[in-house]
Structure formats: C-alpha cells, structure tokens
Amino acid sequence: EAIAEARKLYGSPASPAPYKTGQKKTISPPAEDLTSFFKEAAAANDFEYLKGRGISEAVQKRFMIGFVPDWISPQAVRTTIEKGGNPANLPKSPRCIIPTSRSSYIARDTREGLTDEQKRYSKQKQGAQALFNLKAFEASEAVFVTEGEIDAMSIEEAGGAAVGLGSVANIRSLLSFLQ
31 EAIAEARKLY GSPASPAPYK TGQKKTISPP AEDLTSFFKE AAAANDFEYL KGRGISEAVQ
91 KRFMIGFVPD WISPQAVRTT IEKGGNPANL PKSPRCIIPT SRSSYIARDT REGLTDEQKR
151 YSKQKQGAQA LFNLKAFEAS EAVFVTEGEI DAMSIEEAGG AAVGLGSVAN IRSLLSFLQ
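Numbering-wise, the numbering used here comes out as the position in the sequence shown, counting from 1, plus 30.
This is the structure:
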C-alpha cells in the first residue's frame with residue numbers, strides 16, 4: 031500500500047517499463063551471501079560507536095550492525111593477490127559493519143582523528159550497491175528517504191520509517207524500486 035501511494039505521489043507507473051531494444055542489459059554472477067559474516071560481526075559489536083551517534087543497541091541489533099576490529103578491504107585483498115603481493119601486509123582498521131543486503135555492506139572506520147588519506151577510505155562499500163532498509167516501505171505509509179544509512183537509523187530510532195540511499199547518486203535505484 032505504501033509503495034502504491036509513493037508511485038501515485040511521484041507519478042511512477044504501476045509496473046516497470048518493458049525492456050526496449052538497445053538498452054544495456056547486465057548479467058552478473060550470483061552475489062555472495064554474507065549472512066554468516068554479518069552474524070559474526072554482530073556478535074562482536076560493543077555498540078559504542080553508533081551509541082555515540084544516538085543509535086541504541088536495540089536498533090543496532092534490529093539492523094544486524096556489527097564490528098570488526100581488524101578489517102581489511104576484501105577488494106584490496108583480491109587486488110593484492112592478483113598482483114602477487116601478500117595481503118597480510120595490508121593495513122587493518124576497526125570497522126562498524128552496516129549490512130545493506132545479504133551480499134553488501136558499508137564498513138565505516140571507527141577511529142577518531144583520521145588523517146586525510148585515512149578519511150578517503152573511512153566509508154567503504156562492499157558488494158553490489160543496495161539501498162538500506164527497503165523493508166520500511168512494507169511497514170509504513172510515510173517513509174523518509176535519507177542519503178546515509180546512519181541517518182536512516184536515526185529516524186528509525188525516533189520512531190519513524192526511513193530508507194538510506196548510501197549516496198544521492200542512487201536515487202535512480204530507489205525510483206526503479208518504486209516502479
């Protein structure tokens with residue numbers, strides 16, 4: 031019902047437009063299911079990083095927020111191995127893990143006082159791009175749309191329903207979902 035209302039409000043058709051000749055069609059391999067990684071990271075969460083940002087333990091548990099004290103970028107590991115290097119030499123950092131789907135997440139560096147170089151890598155997306163908390167559309171008639179996942183959790187903390195885009199560049203993904 032909420033999706034139907036959103037479609038009406040934004041003039042979106044009831045069903046997606048049919049595929050037209052000439053449109054790009056991408057075929058991707060099946061995404062890796064990271065559920066066991068999320069469970070392990072959630073079990074290690076002390077909840078302090080997001081509590082400092084106003085997100086309760088209950089909301090963190092609801093979204094299976096986790097923590098990895100010595101996280102290394104999986105992409106950096108793959109690239110290093112492909113180039114014949116040793117991934118054990120890659121830098122590690124403490125990360126808050128925010129699942130966005132079964133096969134994607136945001137890894138946020140939890141250290142304070144990062145250097146400019148460290149800030150460039152402080153928020154890393156892993157897996158295919160996914161919008162955060164699309165279930166909000168099933169549970170509520172009014173859904174806030176935020177840029178970030180933590181912004182969406184803040185609204186959820188206050189009793190509202192929210193979806194996080196991950197980046198304003200992902201607005202088209204939301205519009206596609208609403209079609």
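Using N, Cα and C, we set each Cβ at its ideal position, and we do this for glycine too.
Heavy atom of the ligand SAM less than 8 angstroms from the Cβ of residue i, yes or no?
{"i": "Lys-149", "result": "The ligand SAM is not part of the structure shown, which contains no ligands of any sort."}
Taking the alpha carbon of residue i as the reference point, which residue from the options has its own alpha carbon closest?
{"i": "Gly-84", "options": "Gln-209, Ser-184, Gly-194", "result": "Ser-184"}
{"i": "Ala-160", "options": "Ile-128, Ala-172, Thr-140, Lys-149", "result": "Ile-128"}
{"i": "Thr-130", "options": "Ser-206, Ser-197, Leu-208, Gln-209", "result": "Ser-197"}
{"i": "Ala-191", "options": "Ser-206, Leu-205, Glu-168", "result": "Glu-168"}
{"i": "Lys-81", "options": "Ala-172, Cys-126, Glu-171", "result": "Cys-126"}
{"i": "Val-175", "options": "Glu-112, Leu-208, Thr-145", "result": "Leu-208"}
Excluding the 5 residues flanking residue i on each side, which residues of the same chain have their C-beta closer than 6 angstroms to its C-beta?
{"i": "Val-107", "result": "Pro-117"}
{"i": "Gly-52", "result": "Residue placement at Gly-52 is flagged as unreliable, the pLDDT there being 49, under the threshold of 50; a coordinate-derived value is accordingly withheld."}
{"i": "Pro-99", "result": "Pro-124"}
{"i": "Thr-140", "result": "Tyr-79, Pro-124, Cys-126"}
{"i": "Lys-55", "result": "With a pLDDT of 46 at Lys-55, under the threshold of 50, the modelled position of this residue cannot be trusted, and the question is left open."}
Ignore the nearest five residues each way along the sequence and tell me which others in residue i's own chain have a CB closer than 7 angstroms to its CB.
{"i": "Val-89", "result": "Met-183, Glu-186, Glu-187"}
{"i": "Ala-72", "result": "Met-94, Ile-95, Gly-96"}
{"i": "Arg-92", "result": "none"}
{"i": "Gly-189", "result": "none"}
{"i": "Ser-270", "result": "Given a span of 31 to 209 for the chain in the structure shown, any question on residue 270 remains unanswerable."}
{"i": "Leu-120", "result": "Ile-102, Ala-106, Val-107, Thr-110"}
{"i": "Ala-166", "result": "Val-173, Ala-191, Ala-192, Val-193"}
Please tell me whether residue i and residue j are closer than 9 angstroms, where the distance is taken between their beta carbons.
{"i": "Glu-15", "j": "Asn-200", "result": "There is no way to answer for residue 15, as the model of the chain reaches only from 31 to 209."}
{"i": "Gln-154", "j": "Ser-203", "result": "no"}
{"i": "Leu-64", "j": "Ser-133", "result": "yes"}
{"i": "Ser-123", "j": "Gln-148", "result": "yes"}
{"i": "Phe-68", "j": "Tyr-135", "result": "yes"}
{"i": "Ala-61", "j": "Ala-158", "result": "yes"}
{"i": "Tyr-79", "j": "Arg-150", "result": "no"}
Any idea which residues DSSP pairs residue i with across the strands?
{"i": "Phe-97", "result": "Cys-126"}
{"i": "Asp-139", "result": "Arg-125"}
{"i": "Ala-192", "result": "Phe-174"}
{"i": "Ser-131", "result": "Ser-134"}
Ordered along the chain, which non-local residues of its own chain (more than five positions away) have a Cβ less than 8 angstroms from that of residue i?
{"i": "Glu-177", "result": "Gly-194, Leu-195, Gly-196, Ser-197, Val-198"}
Inset, instruction - Counting only runs of 4+ residues fully inside the region 141-176, write out the alpha helix (DSSP H) ranges in chain order. - result: 146-150, 166-169
Legend entry - Inside the region 65-97 only - alpha helix (DSSP H) runs reaching at least 4 residues: 65-73, 78-81, 87-92
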